[in-house]
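Student: Here it is, the structure, as structure tokens.
Numbering (my numbering), first residue to last: 1207 to 1457.
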């Protein structure tokens, strides 16, 4: 990765990830020794926050943000991004704590930022794949991506993906402070905002491996939120297109 794209901050939201956090940070620094990590812990009752503090005490590359309430993935990332932007990081990365996002893939994602503003680790481009997912969940995930592409006109194959790297200029322009979306919907929201703002988005094939420890945070509420919000955004987009068409015809 070009020197001008450093320093890099990897934002890792956590809630009950005590068995996963230290291994993922260790793997990350074995792969990218210069990368900094911000653990955003939402008051995990299993002691994840304390483990993060121990890691930070022994390593100046590790930082911890403690939040007192579990306000969702989107809010955790927004808080982490704001923290990183305020400290002049050039690149900000989203990464899960549970090992589903292999740190070993991150150098390729960062290299893709040489010619882009957002690089997404994609499961659904040639070379990408999913491991240990039941067929039903992969079917749903692919369907959600297809629906989002059709509704929003976005050409991203895996717009729900949560392994991605942003240049700071993109995050500064897309107004992250007014993002209220969570889960799947948060990823769709930021991806679409990035495209609408005129930035370049690329996808890098990765292997997504389902977590081995802990419980998935995907819930029915997250799915419903994504469906409702994407439908609203799609209808608004279509309305804007029709208004623009009528304006041109009447001119």
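Built from N, CA and C at the ideal position, the CB exists for glycine as well.
Note that the coordinates shown come from a computational prediction; the quantities given were computed from them, not determined experimentally.
In chain order, what residues of the same chain have a beta carbon less than 6 Å from the beta carbon of residue 1214, not counting five sequence neighbours either side?
Tutor: As a position in the chain shown, residue 1214 is number 8, starting the count at 1. Same-chain partners within the cutoff: 1241, 1297.
Student: Considering residue 1215, what are the terminal residues of the alpha helix (DSSP H) in which it resides?
Tutor: Residue 1215 sits at position 9 when you count from the first residue of the chain shown. It is not in any alpha helix (DSSP H) - residue 1215 instead sits in the beta strand (DSSP E) that spans 1214-1220.
Student: Starting from residue 1395, trace the alpha helix (DSSP H) in both directions and tell me its first and last residue.
Tutor: Numbered from its first residue, the chain shown carries residue 1395 at position 189. Looking at the DSSP string, the run of the alpha helix (DSSP H) that includes residue 1395 is 1389-1402.
Student: Please state the DSSP three-state secondary structure of residue 1347.
Tutor: Position 141 of the chain shown, counted from the start, is the residue given in the question as residue 1347. Residue 1347 falls in the helix class under three-state DSSP.
Student: Taking the straight line between their C-alpha atoms, what separation do you get for residue 1216 and residue 1279?
Tutor: On the chain shown, residue 1216 is found 10 positions in, with the first residue counted as 1. On the chain shown, residue 1279 is found 73 positions in, with the first residue counted as 1. When rounded, the distance between both Cα atoms is 15 Å.
Student: With residue 1303 and residue 1218 assumed to form a contact (beta carbons below 8 Å), what rounded beta-carbon distance in angstroms separates them?
Tutor: Translated into positions along the chain shown, residue 1303 becomes position 97. Translated into positions along the chain shown, residue 1218 becomes position 12. About 5 Å separates the two Cβ atoms, so the contact holds.
Student: Alpha carbon to alpha carbon, what distance is there between residue 1437 and residue 1313?
Tutor: As a working mapping, residue 1313 is identified with position 107 in the chain shown. As a working mapping, residue 1437 is identified with position 231 in the chain shown. The straight-line gap from Cα to Cα measures roughly 35 Å.
Student: Could you round the C-beta distance between residue 1380 and residue 1355 to whole angstroms and report it? I think they count as a contact, below 8 Å.
Tutor: Along the chain shown, one-based indexing puts residue 1380 at 174. Along the chain shown, one-based indexing puts residue 1355 at 149. No, residue 1380 and residue 1355 are not in contact; Cβ-Cβ is about 19 Å, not under 8 Å.
Student: Under the DSSP definition of a beta bridge, which residues are partnered with residue 1414?
Tutor: If you number the chain shown from 1, residue 1414 lands on position 208. Paired residue(s): 1336.
Student: Cα-Cα, which of 1362, 1343, 1453, 1346 is closest to residue 1332?
Tutor: The residue given as residue 1332 occupies position 126 in the chain shown. Taking only the C-alpha atoms, the option nearest residue 1332 is 1362.
Student: Can you tell me which of 1394, 1386, 1341 puts its alpha carbon nearest to the alpha carbon of residue 1359?
Tutor: Taking the chain shown and counting its residues from 1, one reaches residue 1359 at position 153. When only C-alpha atoms are compared, the closest one is 1394.
Student: How long is the line joining the alpha carbons of residue 1250 and residue 1371, rounded to whole angstroms?
Tutor: Taking the first residue of the chain shown as 1, we reach residue 1250 at position 44. Taking the first residue of the chain shown as 1, we reach residue 1371 at position 165. Their backbone Cα atoms lie some 25 Å apart in a straight line.
Student: Taking the alpha-carbon of residue 1258 as reference, which of 1245, 1252, 1266, 1412 has the nearest alpha-carbon?
Tutor: Numbered from its first residue, the chain shown carries residue 1258 at position 52. Comparing Cα positions, the closest option is 1245.
Student: What residues in its chain sit with their C-beta under 6 Å from that of residue 1309, if we drop five residues either side in the sequence?
Tutor: In the chain shown, the residue the question calls residue 1309 occupies position 103. Excluding sequence neighbours, residue 1309 sits near 1233, 1234, 1237.
Student: For residue 1307, which three-state DSSP category applies?
Tutor: For the purposes of this step, residue 1307 is identified with residue 101 of the chain shown, where counting begins at 1. DSSP places residue 1307 in coil when its eight states are reduced to three.
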